[in-house]
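Below is one structure, written out as structure tokens; comments come after it.
Numbering (the numbering used here), first residue to last: 77 to 175.
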């Protein structure tokens with residue numbers, strides 16, 4: 077589990093996503109976004125690609141803050157983690173969240 081969490085956290089951070097924690101202390105990783113349209117577009121792209129992540133938005137989050145929460149488990153393979161990272165990268169680039 078922790079290997080998967082570290083790989084996901086490091087991969088998302090290296091891509092340039094703003095994360096909810098500086099270290100991979102949890103198997104639940106939050107990506108922080110400040111633009112509602114970008115958050116919804118990434119969430120929708122992931123969903124259409126077959127990956128469900130939770131999206132939190134105001135009033136469940138502070139005004140102007142949107143979270144995409146990805147939950148990992150020990151059963152995820154290295155290949156699955158790499159695929160998930162690729163999906164986040166493609167979606168993030170498509171909407172301009174990452175370069």
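Ideal placement from N, C-alpha and C gives every residue a C-beta, glycine not left out. What you are looking at is a predicted structure, and each value in this text was computed from that prediction instead of being measured.
(message) Give me the residue from 80, 104 and 134 with the minimum Cα distance to residue 115.
(response) 134
(message) I'd like the span of the alpha helix (DSSP H) that includes residue 82, first residue to last.
(response) 78-91
(message) Measuring alpha carbon to alpha carbon, tell me which residue in 124, 113, 123 and 126 is nearest residue 140.
(response) 113
(message) How far does the alpha helix (DSSP H) with residue 116 in it extend, from its first residue to its last?
(response) 112-124
(message) For residue 170, report the span of its beta strand (DSSP E) as first-last.
(response) Segment 154-171 is the alpha helix (DSSP H) holding residue 170; no beta strand (DSSP E) there.
(request) Please confirm whether residue 81 and residue 103 have their CB atoms less than 7 angstroms apart. (result) yes
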